[in-house]
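Protein chains: 2
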Amino acid sequence: MIGAAVAKALVARHEVLRASHSKSELTVDITNVDSIKGLLAKVGRVDAIVSTAGQAAFGPLLQLSDADFSLCLTNKLMGQVNLVRHSAEFLNDGGSFILTGGIMSRQPMSGGAAISMVNAALEGFGHAAALELPRGIRINVIAPGWVTETMEAMKMDSSSGTPAAQVAEFYVKVVEGTMTGEVIDAMKHAG
Amino acid sequence: MIGAAVAKALVARHEVLRASHSKSELTVDITNVDSIKGLLAKVGRVDAIVSTAGQAAFGPLLQLSDADFSLCLTNKLMGQVNLVRHSAEFLNDGGSFILTGGIMSRQPMSGGAAISMVNAALEGFGHAAALELPRGIRINVIAPGWVTETMEAMKMDSSSGTPAAQVAEFYVKVVEGTMTGEVIDAMKHAG
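These protein sequence lines are chains A and B, in that order.
Going by the numbering used here, the first sequence opens with residue 1, and the numbers climb by one from there.
Going by the numbering used here, the second sequence opens with residue 1001, and the numbers climb by one from there.
Right, here's the structure in full:
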């Protein structure tokens, strides 16, 4: 939901190359470092890399399986961390990384232990990586709250949701801004 | 450093069974779920499980290897998370888990990206797991700052460190307290 909205918001003022697991011309499997490297070799140097990728598993704490935790770690967490590790050299000076965490890092809910864990991990990584990225490269983590369209797709009451287009505006602001090492709570800033 | 100090502080008022990778009668490899289960089968029901375990890798962000990240995830993070997942049923009603994170989650430093990541992950997990643990079981994460003895062993200036015995007092307070879902910043409370 968010990826398409971010691409749509960015394309008004920027050249956008969109990659996804299977829903775009450029494809990438973020759980596979060789796939990440292959994408970068194809694309070359860019000004910003915005990741809205990442699967994670929801379920009762003591019923989550090893595979559920592994999915969270290899996909949403290390998929995005590996993107940073392997693509920093492809970013132009002063370039920008945005990773996508989520609100459950600070607003935990029953069933969300593995998701809270990886969202918090992404924030911790972002804070620290900002100290070390070379050539003025910035990194920030956006923590979207519940997106209206996601809630609708899940047949939840979407009245408390934020429309994807509105969440996408935060991504544009962070791409075009100067902040680094921040966690942007998209719920707090919305509406 | 911390484990021995915590055991020493607890034993004044509690029966303490100490397990470690190799430095105690009871041994456990926290990266191996079968080893965790074997320890629990041997020990049986307890009132509290205090983990001060966890290896993690320090080094420049773009030089940290896949193996470095993997060590952090499988040892310090999932070692402790798996301890919770598999030992909750062995805790008595109202029992207590303490996991050990670290100050770098909120005070990042150059070279600490993977450590900040796993420390933050442990905090996120703790916050969320507290909502779901059954039978009044509590879980808290202690984030020790720099321990004097560790700094001395690393030949660092230890004047800003907190002695292990003082850090250990926080573990005792949390074992005997009523809080849950908290992150206890041992530096903030020390001195």
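We put the beta carbon where it would ideally sit given N, CA and C, even for glycine.
Local conformation of residue i per DSSP, three classes
{"i": "S96 (chain A)", "result": "strand"}
{"i": "T1162 (chain B)", "result": "strand"}
{"i": "A19 (chain A)", "result": "strand"}
{"i": "G1191 (chain B)", "result": "Because the pLDDT at G1191 (chain B) is just 45, under 50, the model does not fix this residue reliably, and the point stays unresolved."}
{"i": "I49 (chain A)", "result": "strand"}
{"i": "V1147 (chain B)", "result": "strand"}
{"i": "I1103 (chain B)", "result": "helix"}
{"i": "I30 (chain A)", "result": "coil"}
{"i": "D1068 (chain B)", "result": "helix"}
{"i": "L62 (chain A)", "result": "helix"}
{"i": "L39 (chain A)", "result": "helix"}
{"i": "L91 (chain A)", "result": "strand"}
Range covered by the beta strand (DSSP E) that runs through residue i
{"i": "R1138 (chain B)", "result": "R1138 to A1143"}
{"i": "D157 (chain A)", "result": "No beta strand (DSSP E) contains D157 (chain A), which DSSP labels as neither H nor E."}
Pair within 8 Å by beta-carbon distance, residue i and residue j
{"i": "P108 (chain A)", "j": "H1127 (chain B)", "result": "yes"}
{"i": "Q63 (chain A)", "j": "K76 (chain A)", "result": "no"}
{"i": "G1003 (chain B)", "j": "T1052 (chain B)", "result": "yes"}
{"i": "T1031 (chain B)", "j": "T1074 (chain B)", "result": "yes"}
{"i": "S1105 (chain B)", "j": "A1129 (chain B)", "result": "no"}
{"i": "T1016 (chain B)", "j": "A1005 (chain B)", "result": "According to the sequence as given, residue 1016 (chain B) is Val; it is not Thr. Cβ distance not < 8 Å, so V1016 (chain B) and A1005 (chain B) don't count as in contact."}
{"i": "D68 (chain A)", "j": "A9 (chain A)", "result": "no"}
{"i": "S1096 (chain B)", "j": "A1048 (chain B)", "result": "yes"}
{"i": "T100 (chain A)", "j": "R138 (chain A)", "result": "no"}
{"i": "V1174 (chain B)", "j": "T1162 (chain B)", "result": "no"}
{"i": "G1177 (chain B)", "j": "G1136 (chain B)", "result": "no"}
{"i": "L1039 (chain B)", "j": "A1019 (chain B)", "result": "yes"}
{"i": "S116 (chain A)", "j": "G1044 (chain B)", "result": "no"}
{"i": "M1001 (chain B)", "j": "E1149 (chain B)", "result": "yes"}
{"i": "I1098 (chain B)", "j": "V1050 (chain B)", "result": "yes"}
Selection from the options that minimises the alpha carbon distance to residue i
{"i": "I1142 (chain B)", "options": "B:L1122, B:D1157, B:M1151 and B:S1159", "result": "B:L1122"}
{"i": "V11 (chain A)", "options": "A:G102, A:Y171 and A:R45", "result": "A:Y171"}
{"i": "G1102 (chain B)", "options": "B:F1090, B:A1041, B:P1144 and B:K1173", "result": "B:P1144"}
{"i": "V1084 (chain B)", "options": "B:K1037, B:S1116, B:S1070 and B:E1176", "result": "B:K1037"}
{"i": "S1160 (chain B)", "options": "B:M1187, B:E1169, B:E1176 and B:S1070", "result": "B:M1187"}
{"i": "L1131 (chain B)", "options": "B:E1182, B:K1042 and B:D1029", "result": "B:E1182"}
{"i": "D66 (chain A)", "options": "B:V1033, B:M1151 and B:R1018", "result": "B:V1033"}
{"i": "H21 (chain A)", "options": "A:A41, A:R45 and A:G79", "result": "A:G79"}
{"i": "E1089 (chain B)", "options": "B:P1134, B:A1057, B:I1098 and B:F1058", "result": "B:P1134"}
{"i": "L91 (chain A)", "options": "A:D185, A:V46 and A:N140", "result": "A:V46"}
{"i": "N1192 (chain B)", "options": "B:V1081, B:S1158, B:D1157 and B:E1152", "result": "Look at the range of chain B in this structure, 1001 to 1191, and you will see that residue 1192 (chain B) is not part of it."}
{"i": "S1070 (chain B)", "options": "B:V1118, B:S1024, B:I1098 and B:K1042", "result": "B:V1118"}
Heavy atom of the ligand MN within 7 Å of residue i beta-carbon
{"i": "I1142 (chain B)", "result": "This structure simply doesn't include the ligand MN, nor any ligand for that matter."}
Residue i - containing alpha helix (DSSP H), residue span
{"i": "V84 (chain A)", "result": "M78 to S87"}
{"i": "V118 (chain A)", "result": "A113 to A129"}
{"i": "V1006 (chain B)", "result": "I1002 to L1010"}
Scan the stretch 68-80 of chain A for residues whose Cβ lies nearer than 7 Å to a Cβ of chain B and list them as they occur along the chain.
F69, L73 and M78
Beta carbons nearer than 9 Å to chain B: which residues of the stretch 109-124 of chain A have them?
M109, S110, G111, G112, A113, A114, I115, S116, M117, V118, N119, A120, A121, L122, E123 and G124
So if I threshold CB-CB distances at 9 Å, which residues from the stretch 127-148 of chain A count as touching chain B?
H127, A128, A129, A130, L131, E132, L133 and P134
Listed from N- to C-terminal order along the chain, which residues in the stretch 83-99 of chain A have their beta-carbon within a distance smaller than 7 Å of any beta-carbon of chain B?
R85 and A88
Under 9 Å (Cβ pairs) to chain B, residues found in the stretch 43-66 of chain A
P60, L61, L62, L64 and D66
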